[in-house]
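Here the protein sequences line up with chains L and X, keeping their order.
Going by UniProt numbering, the letters in the first sequence line up with residues 1 to 329, in that order.
Going by UniProt numbering, the letters in the second sequence line up with residues 1 to 329, in that order.
Number of protein chains: 2
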Amino acid sequence: MVTIRDVAKEAGVSVATVSRVLNETGYVHEDTRKRVMDTMKELNYSPNEVARSLYKKKSKLIGLLLPDITNPFFPQLARGVEDEMQKQGFRLLFGNSDEQPEKELDYIHTFVQNNVVGIISATNHTSKTNYQDLSIPVVFLDRTSNDYPSVYADGKEGGKIAAEEMVRRGSKRITLLKGPAHIQPAQDRFQGALEYLSQSNVDFHVIATTSFAFEDAEKWAKELFDTYPDTDGVLASNDIVATAVLHEALRLGRSIPTDVQIIGFDDIPQSSLLFPSLSTIRQPAYEMGKEAAALLIKLMRKEPVQQKHIQLPVTFIKRETTREVEIND
Amino acid sequence: MVTIRDVAKEAGVSVATVSRVLNETGYVHEDTRKRVMDTMKELNYSPNEVARSLYKKKSKLIGLLLPDITNPFFPQLARGVEDEMQKQGFRLLFGNSDEQPEKELDYIHTFVQNNVVGIISATNHTSKTNYQDLSIPVVFLDRTSNDYPSVYADGKEGGKIAAEEMVRRGSKRITLLKGPAHIQPAQDRFQGALEYLSQSNVDFHVIATTSFAFEDAEKWAKELFDTYPDTDGVLASNDIVATAVLHEALRLGRSIPTDVQIIGFDDIPQSSLLFPSLSTIRQPAYEMGKEAAALLIKLMRKEPVQQKHIQLPVTFIKRETTREVEIND
């Protein structure tokens with residue numbers, strides 16, 4: 001491995017001079033600076049980032065905390081963050097919290113110990129305690145927060161759009177699956193749908209659910225068609241739950257979308273791979289990741305930031321689990 | 001933030017003494033050691049990991065390089081690596097190479113600059129050049145290598161099992177989709193299937209493909225049923241391709257599995273969510289990730305390693321795209 005000493009020797013200057021060039025401190029004659037730079041290039045020298053980060057009190061590491069990368073919504077988010085960070089020369093330290101506060105705390109701790117210069121967190125335990133003592137910028141992703149900069153999709157509007165599309169496409173007896181109580185975005189979309197349905201002239205039922213796991217969702221899907229067999233439209237709390245409802249409806253011999261319409265939430269990649277493919281409300285996960293990264297970079301560079309709370313729009317993705325409407329479709 | 005100086009002051013000892021306790025070097029009286037430890041606990045002091053890593057020339061960081069986390073096979077792998085590493089106190093620096101050698105090289109470079117103590121790589125450009133100059137252990141994951149320790153599933157056996165199950169379950173005119181030429185595991189499973197079919201008494205066709213992208217796979221699925229309309233069994237190069245074939249077959253009104261049987265490869269999470277759910281060859285992705293992490297940890301600790309090439313078994317997962325057989329099923 002090439003060291004700073006090798007560079008100094010080869011360029012015929014002192015180690016201190018190479019150090020000044022590297023760290024852009026003190027005076028170095030332009031010719032000397034060029035010679036040092038050329039030598040570094042020639043020898044393929046790369047400064048040790050850890051030593052530099054200690055010297056400058058700055059690293060190029062970012063901490064990214066997700067609930068669980070195996071939940072298919074999150075790889076897109078992570079990829080958005082990484083692509084933007086990679087372009088700017090930052091690297092990701094990465095952890096899954098499993099929504100456990102102890103694991104979250106543990107990761108934040110080790111992020112700080114490794115001198116990260118910023119953190120992006122997409123967890124649900126964003127109580128101030130974990131983050132308030134940090135001296136580095138934090139951006140919450142897929143979560144709202146009054147205290148911290150955040151990037152999220154408009155869940156409430158998403159819920160409203162889903163309900164509106166379902167009513168507009170002719171469902172009269174709608175079942176609304178309420179997502180887990182501790183996941184704020186799930187509650188936002190539920191509220192949006194609830195408000196719209198309350199003001200419409202259709203019948204509707206609400207079924208409370210406690211997770212987004214497919215195995216649990218299969219049970220709720222059975223319960224749904226057992227308890228409300230005349231349901232002709234289901235607003236699911238996310239795409240995984242919608243998939244379970246779709247399976248159960250097909251198993252019961254219901255024709256989709258003629259007998260039952262289904263709308264999911266998220267637009268995870270596999271929703272378009274279902275047969276029939278799933279109509280859903282799209283959250284722009286990749287873009288959300290990119291926006292969070294861009295916002296964090298601005299905060300780290302202390303650039304002026306107009307908007308610390310960035311809300312991205314959601315859209316209705318019309319596929320095969322909803323009916324056509326005559327006009328404007 | 002609490003510093004080593006604060007600890008020294010509070011405990012009534014010198015900074016050097018605290019340092020000796022921290023780094024377990026030199027002699028410190030047991031009473032003093034206890035007082036320093038208690039004070040650190042009391043003040044909630046945590047040593048700066050970067051400073052420690054520089055001092056000890058060791059960090060607790062591992063580099064993990066994947067082709068693309070948004071490919072649904074990889075989050076399970078990554079999760080396996082992370083869970084094992086997390087248990088042992090290691091943290092992951094993470095990057096996607098997109099199978100681009102420049103990106104791969106760039107990530108390896110920054111991993112080294114950040115003093116990682118080991119690397120796990122699941123990329124396809126494992127030519128020695130990128131890795132041979134490294135002074136830290138490297139484990140290849142989901143890839144075979146003669147030169148480096150590696151953890152992978154038995155792809156060739158998987159291809160054989162898939163072909164065997166398809167023939168055993170009654171298909172007579174099988175189409176075999178050959179995966180991308182540059183992805184070794186895809187070629188292994190193709191070879192395994194090809195060898196079995198060559199020795200069986202069924203007709204079969206081979207269609208060459210160049211990617212695992214769903215949009216491409218949709219085209220090959222159309223081509224497949226256009227060119228070989230009497231196909232009654234499809235061995236797909238992975239689950240994504242199998243999903244495209246399933247859709248096309250359903251669109252053409254084929255009854256699954258009566259008219260056409262389909263077997264995928266990987267057992268990505270969404271394969272069980274399809275309707276009908278997909279029969280496939282399961283690669284134990286999560287376990288592969290864990291094994292790779294455990295192997296790397298052993299290598300880093302210079303513990304004796306019996307087996308540097310760990311091949312995990314694959315299994316046939318019978319779901320709804322294959323027929324029942326009378327005996328032993």
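Backbone N, C-alpha and C fix where the C-beta goes; we use that ideal spot for every residue, glycine too.
It should be emphasised that the depicted structure is a prediction, and the values quoted were computed from it without experimental measurement.
- Contact annotation: THR280 of chain L and TYR228 of chain L have beta-carbon atoms that are not nearer than 7 Å.
- Counting along the chain, ILE4 of chain X sits inside no beta strand (DSSP E); it lies in the alpha helix (DSSP H) bounded by residues 4-11.
- Contacts with chain L at 7 Å (Cβ-Cβ) include ALA78 of chain X.
- Using beta-carbon distances, ARG91 of chain X counts as an interface residue toward chain L, with a partner under 7 Å.
- Residue burial annotation: GLU303 of chain X is exposed, with fewer than 16 other C-beta atoms found within 10 angstroms of its C-beta.
- Of the candidates L:VAL325, L:LYS318, L:ARG323 and L:ALA292, the residue whose Cα lies closest to the Cα of ASP83 of chain L is L:ALA292.
- Taking 9 Å as the Cβ-Cβ cut-off, the region 93-109 of chain X approaches chain L at LEU93, PHE94, GLY95, ASN96, LYS103, ASP106, TYR107 and HIS109, given in chain order.
- The three-state reading of DSSP puts ALA208 of chain X in strand, counting E and B together.
- With a 10 Å radius around the Cβ and a threshold of 16 neighbouring Cβ atoms, ALA181 of chain L comes out exposed.
- Linking VAL305 of chain X to LYS298 of chain X through their CA atoms gives a straight-line distance of about 7 Å.
- In this structure, the straight-line span from the alpha carbon of PHE111 of chain X to that of PRO137 of chain X is close to 12 Å.
- Contact of PRO75 of chain L with chain X by beta-carbon distance below 7 Å involves ILE69, THR70 and PRO75.
- Here the alpha carbons of ILE62 of chain X and GLY26 of chain L stand approximately 35 Å from one another.
- What GLU82 of chain L touches in chain X, judged by beta-carbon distance under 9 Å, is ILE69, PHE94, GLY95 and ASN96, going in chain order.
- Using a Cβ-Cβ cut-off of 7 Å, LEU250 of chain L counts as an interface residue toward chain X, since at least one Cβ of chain X sits closer than that to its own.
- Here ASP68 of chain L has PHE74, ASN96 and ASP98 as same chain residues with Cβ atoms under 7 Å from its own Cβ, once five neighbours each way along the sequence are excluded.
- A Cβ of chain X is located within less than 7 Å of the beta carbon of LEU273 of chain L.
- Of all C-beta pairs linking the region 144-152 of chain X to the region 212-224 of chain X, fewer than three are shorter than 8 Å, placing the two stretches out of contact.
- DSSP, read as helix, strand or coil, puts GLN86 of chain L in helix.
- Pairing LEU312 of chain L with SER237 of chain L gives a Cβ-Cβ distance that is not under 7 Å.
- Identification of chain X residues near THR227 of chain L by a Cβ-Cβ cut-off of 9 Å yields none; the smallest Cβ-Cβ distance measures about 22 Å.
- Close to chain L, meaning a Cβ-Cβ distance shorter than 7 Å, is no residue of the region 117-145 of chain X at all.
- For the region 199-216 of chain X, the residues whose beta carbon sits under 7 Å from a beta carbon of chain L are, in order, PHE214.
- Below the 7 Å Cβ cutoff, chain X contributes PHE275 as neighbours of HIS247 of chain L, in chain order.
- At a Cβ-Cβ threshold of 7 Å, ILE120 of chain L and LEU64 of chain L count as neighbours.
- Assignment of beta-bridge partners to LEU93 of chain L by DSSP yields L:GLY63 and X:LEU93.
- For LYS298 of chain X, the enclosing alpha helix (DSSP H) begins and ends at 285-300.
- The Cβ atoms of ALA242 of chain X and ILE268 of chain X do not sit closer than 7 Å to each other.
- In the structure shown, the three-state DSSP call for HIS182 of chain L is coil.
- For SER198 of chain X, the three-state secondary structure derived from DSSP is helix.
- According to the DSSP assignment, LEU278 of chain X belongs to no beta strand (DSSP E), since it is labelled neither H nor E.
- Residues ILE4, ARG5 and ALA8 of the same chain have their beta carbon placed closer than 8 Å to that of VAL15 of chain L, with the five preceding and five following residues left out of the count.
- In chain order, LEU93 and ASN114 make up the part of chain X whose C-beta sits under 8 Å from the C-beta of LEU61 of chain L.
- C-alpha of PRO284 of chain X to C-alpha of HIS29 of chain L: approximately 59 Å in a straight line.
- Your pair GLN270 of chain X and LEU273 of chain L checks out as a contact, with CB atoms roughly 7 Å apart and the cut at 8 Å.
- Between ARG79 of chain X and the set X:LEU141, X:ILE317, X:HIS109 and X:GLU157, the nearest pair of CA atoms involves X:LEU141.
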